[in-house]
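Okay, so here's the structure we're looking at.
In the working numbering, the protein residues as written are 173 to 240.
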């Protein structure tokens, strides 16, 4: 199984934190620009390291998917 709930919750927390720091926005586009910039920065910081344990699972998935 692959769980993604914690990643989604972490992204939601980052969005809430970004919008909470800035109380008001001049228009919806500026809010969207700030959230997108914040998420791009978060992605560079958080996901810069490769997943190393995936190779163990990759072989199993390849075998199972080849059977289909």
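Using N, Cα and C, we set each Cβ at its ideal position, and we do this for glycine too.
Please read all numbers here as calculations on a predicted model, not as lab measurements.
Legend entry - Three or more C-beta pairs below 8 Å linking the stretch 197-209 and the stretch 231-238: Fewer than three Cβ pairs drawn from the stretch 197-209 and the stretch 231-238 lie within less than 8 Å of each other, which leaves the two stretches out of contact.
Inset, instruction - Kindly examine the ligand SAH and report whether one of its heavy atoms sits closer than 7 Å to the Cβ of residue 214. - result: Ligands displayed in this structure: none; no statement on the ligand SAH is therefore possible.
Legend entry - Of the residues 226, 179, 191, the one placed nearest residue 203, counting alpha carbons only: 191 is the residue among 226, 179, 191 whose C-alpha sits nearest the C-alpha of residue 203.
Inset, instruction - Could you pull out every residue in the same chain whose Cβ sits closer than 8 Å to the Cβ of residue 214, ignoring the five residues on either side in sequence? - result: Contacts found: 183, 186.
Inset, instruction - Can you tell me which of the three DSSP states residue 197 falls into? - result: Three-state DSSP puts residue 197 in coil, outside helix and strand.
Inset, instruction - Check residue 227 in the structure and name its three-state DSSP category. - result: In the structure shown, residue 227 sits in a helix (DSSP, three-state: H, G or I).
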